[in-house]
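A.B. asks: Chains as they are written, first to last, in my numbering: chain Z, 166 to 429; chain L, 338 to 782. All C-beta atoms in this analysis are idealised placements derived from N, C-alpha and C, irrespective of residue type, glycine included. Mind having a look at this structure? Questions to follow.
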Ligand code: SF4
Ligand code: SF4
């Protein structure tokens, strides 16, 4: 990062009798995956730039349990959920922002019944709000002027939670052409990673799902494929590599696109 | 008189058989576990009106939606005719409502006729599309044998029915022209929108007795078709005509991404965390230890009644499977097949119970004998199937419940996933990273 941003943990704030406005739930991918860490840093830049008082759980954060639940192991899920909820409630967390639609879905939809009720917001929604409030200014004529961008809907943001417009509204601010794939929004095709598929080989078939999806994108000859999920990002990046199009098509998260365009 | 007796017998037989079938359907659906869908009534009503009555999801694809709507509307309107048929049949009247309703009668019958013409066109196009055009979703593996035949039978019946309607109305029109009709109306034409033209065109010149016979053939044929259809319904995908309404009413109204939390697992895990919990304690006074409930689903009794109603409602249209990323990339999974398997297994278990006693066990189960592990592990939980289904069926919840049984009761989990699960349990992440490294990114460039 150009200027080093200090990442506060909730524990530190609480020790000083303070509390964050937003808990930034980083997620396993955002914490450990090299590509996804860049997305995490872009989100941090945006939060910092907009003077949002945020904090992370740091080493106290643990998997939400999404992949375990989708793999059928409710026990592993429940262990994670109950411990996470206990911690979040201890810290009196009210609002959570996350860059991962899977964490978003679990925190927002599955935790309340188990005693963890929070206001959960996906980073594309927050960025959209911040742009609307004028807190982020795009530097005109930037890297995206006149470029073609297509957005791949993450299943866990789109169909799972009916969020289709926020990411698109953000992308429209980029001074570029937003092109829709033939399957988009509620008809969008999965990247192939959900339901714990990310962690296993695909079952026998005649094609990988991410290849099928990347074809949808390549048809449009875009300069960028925009994503809103670290797992989609991996899948689409692999797809673009498969077709040897890395030099023409870049796969980038919305947070990265915005932090670039605003020159953060 | 003979006609009235035959009619009465037919009527009693039709409705008792239909009643018996409905009883079987209800008792089959009741084999499922309970799930509460009695909340949010106005939202439910709205969903039902939009999705079932207004066919909202069908209209994603305009042409089939419009054609399907013609057949559906013709069906709904034609059923109102059933009232007159029953009155006429039991009393020996002819067109009982023609006189008292007057012009309104002409409007209703004309609507039926116009919709029948539209339905006829739609049926021909559907037959061609189903059999001549290579629409992939009509030719997947599960669409052979009975399901394929079922899809065609109904279309042929529809054509026959339309022929009967126009024979009945057309000949009656010609007879009225000549003053031979048994209907008590004034004037020499009914004025029906189609048959007042079509009738003379086809039947003019025939003598009175031929016309009378044709008219009766039309009337009886039409009636037998409707009665037959009623009893064919519960054995067919066309049951959705009735079940689409309750099934959309009881839709899952939560966000689609939300999976159920298993309360029995929650209790066990909470007990594990509770330092005061004594696993060997005797159950509290007055309570006997209930047999522990199975985790997940192995057979249809482990699914909810809503899952089972879904199975009966499935139209076998295949919209789910043509949107399914796994299916479209050649994997074995087809969400439509999941629904058809669930229905077939439910009917099998239900029949066994009725014929061989409540506790009869045929040694088979939905998981394994119908749905394989390979199918289950191909799902990405993307919800495309749920989104596409025109009658709000949820194949994903069945897939997840079957996975749960596989993993928690039989420990059958693909080896890579076993590794992922161990990582979550030990490191709090699906990969082998140490939890102490979780914040390292903050200090990297
Ligand atoms: S949720 Fe599973 S079955 Fe349904 S469309 Fe997606 S991959 Fe196919
Ligand atoms: S589940 Fe729904 S979409 Fe799939 S075949 Fe049945 S009715 Fe059609």
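Is residue 232 of chain Z near ligand 1, with its Cβ less than 7 Å from a heavy atom?
C.D. replies: no
A.B. asks: In whole angstroms, what separates the C-alpha of residue 575 of chain L from that of residue 294 of chain Z?
C.D. replies: 47 Å
A.B. asks: If the cut-off is 8 Å on Cβ atoms, which residues from the region 312-346 of chain Z count as contacting chain L, listed in chain order?
C.D. replies: 320, 321, 324, 325, 326 and 327
A.B. asks: Would you kindly check if the distance between the Cβ of residue 221 of chain Z and the Cβ of residue 289 of chain Z is under 8 Å?
C.D. replies: no
A.B. asks: Return yes when the Cβ of residue 514 of chain L is within less than 8 Å of the Cβ of residue 506 of chain L, no when it is not.
C.D. replies: no
A.B. asks: Beta carbon of residue 239 of chain Z, beta carbon of residue 343 of chain L: below 8 Å?
C.D. replies: no
A.B. asks: Any beta carbon of chain Z sitting closer than 8 Å to that of residue 506 of chain L?
C.D. replies: no
A.B. asks: Looking only at its own chain, which residues have a Cβ that is under 8 Å from the Cβ of residue 392 of chain L, when we skip the five neighbours before and after it?
C.D. replies: 402, 405, 406, 409 and 727
A.B. asks: For residue 190 of chain Z, which beta-bridge partners are listed by DSSP?
C.D. replies: Z:263
A.B. asks: Once you ignore the five residues that flank residue 551 of chain L on each side, which residues in its own chain have a CB closer than 8 Å to its CB?
C.D. replies: 504, 508, 540 and 543
A.B. asks: Using a Cβ-Cβ cut-off of less than 7 Å, give me the residues of the region 554-574 of chain L that come near chain Z, in sequence order.
C.D. replies: none
A.B. asks: Bridge partners for residue 313 of chain Z per DSSP, in chain order?
C.D. replies: DSSP, once it has assigned bridges, lists Z:342 as partnering residue 313 of chain Z.
A.B. asks: Classify residue 328 of chain Z as helix, strand or coil using the three-state DSSP reduction.
C.D. replies: In the displayed model, residue 328 of chain Z falls within coil according to three-state DSSP, outside both helix and strand.
A.B. asks: Please say whether residue 758 of chain L and residue 358 of chain Z have beta carbons closer to each other than 8 Å?
C.D. replies: no
A.B. asks: Going by the C-beta, is residue 725 of chain L closer than 7 Å to any heavy atom of ligand 2?
C.D. replies: At least one heavy atom of ligand 2 is nearer than 7 Å to the Cβ of residue 725 of chain L, so yes.
A.B. asks: Grouping DSSP H, G and I as helix and E and B as strand, with all else coil, what is residue 166 of chain Z?
C.D. replies: For residue 166 of chain Z, the predicted structure reports a pLDDT of 45, less than 50, and the residue's modelled location is therefore unreliable. The matter cannot be settled from this model.
A.B. asks: Would you verify that the beta carbon of residue 371 of chain Z is, or is not, closer than 8 Å to some beta carbon of chain L?
C.D. replies: yes
A.B. asks: Hey, could you find the ends of the beta strand (DSSP E) residue 418 of chain Z is sitting in?
C.D. replies: 415-418
A.B. asks: Excluding the five sequence neighbours on either side, which residues of its own chain have a C-beta within less than 6 Å of the C-beta of residue 560 of chain L, listed in chain order?
C.D. replies: For residue 560 of chain L, where only same-chain residues beyond five positions count, the Cβ hits under 6 Å are 422.
A.B. asks: How about residue 132 of chain Z: is its Cβ closer than 7 Å to a heavy atom in ligand 1?
C.D. replies: Outside the shown range of chain Z (166 to 429) lies residue 132 of chain Z, about which nothing can therefore be said.
A.B. asks: Could you compute how far the alpha carbon of residue 782 of chain L sits from the alpha carbon of residue 207 of chain Z?
C.D. replies: Straight-line Cα distance between these residues: approximately 12 Å.
A.B. asks: So residue 805 of chain L contacts chain Z; which residues on that side make the cut at Cβ distance below 7 Å?
C.D. replies: Past the edges of chain L, shown from 338 to 782, lies residue 805 of chain L, and the structure says nothing about it.
A.B. asks: Three-state secondary structure (DSSP) at residue 286 of chain Z?
C.D. replies: Under the three-state reduction of DSSP, residue 286 of chain Z is assigned to strand.
A.B. asks: So, helix, strand or coil for residue 221 of chain Z, using DSSP?
C.D. replies: Residue state, collapsed to three classes: strand.
A.B. asks: Taking one C-beta from the region 410-419 of chain Z and one from the region 383-401 of chain Z each time, how about it: are there three or more such pairs within less than 8 Å?
C.D. replies: yes
A.B. asks: Identify the residues that DSSP records as bridge partners of residue 641 of chain L: which are they?
C.D. replies: L:370
A.B. asks: According to DSSP, is residue 172 of chain Z helix, strand or coil?
C.D. replies: Assignment of residue 172 of chain Z by DSSP, reduced to helix, strand and coil, places it in the coil class.
A.B. asks: Please confirm whether residue 635 of chain L has its beta-carbon closer than 8 Å to some beta-carbon of chain Z.
C.D. replies: Residue contact with chain Z for residue 635 of chain L: absent (no Cβ-Cβ distance below 8 Å to any residue of chain Z).
A.B. asks: Could I get the ranges of all uninterrupted alpha helix (DSSP H) runs contained in the region 362-389 of chain Z, with 4 residues as the minimum, in chain order?
C.D. replies: 374-383
A.B. asks: Cβ of residue 652 of chain L versus every heavy atom of ligand 2: is any distance shorter than 7 Å?
C.D. replies: yes
A.B. asks: Taking its Cβ as the centre, do 16 or more other Cβ atoms sit within 10 Å of residue 378 of chain Z, making it buried, or is it exposed?
C.D. replies: buried
A.B. asks: For residue 721 of chain L, is the classification buried or exposed, using 16 other Cβ atoms within 10 angstroms of its Cβ as the cut-off for buried?
C.D. replies: So residue 721 of chain L counts as buried.
A.B. asks: Strictly below 7 Å CB to CB, what residues from chain L border residue 290 of chain Z?
C.D. replies: Those do not exist, as residue 290 of chain Z stays about 14 Å from chain L at its closest Cβ, beyond 7 Å.
A.B. asks: If you measure from the beta carbon of residue 275 of chain Z to each beta carbon in chain L, is any gap under 8 Å?
C.D. replies: yes
A.B. asks: Decide if residue 338 of chain L is buried, meaning its Cβ has at least 16 other Cβ atoms within 10 Å, or exposed.
C.D. replies: exposed
A.B. asks: Along the region 213-237 of chain Z, where does the CB come closer than 8 Å to a CB of chain L? Name the residues.
C.D. replies: 221, 223, 224, 226, 227, 228, 230, 232, 233, 234, 235, 236 and 237
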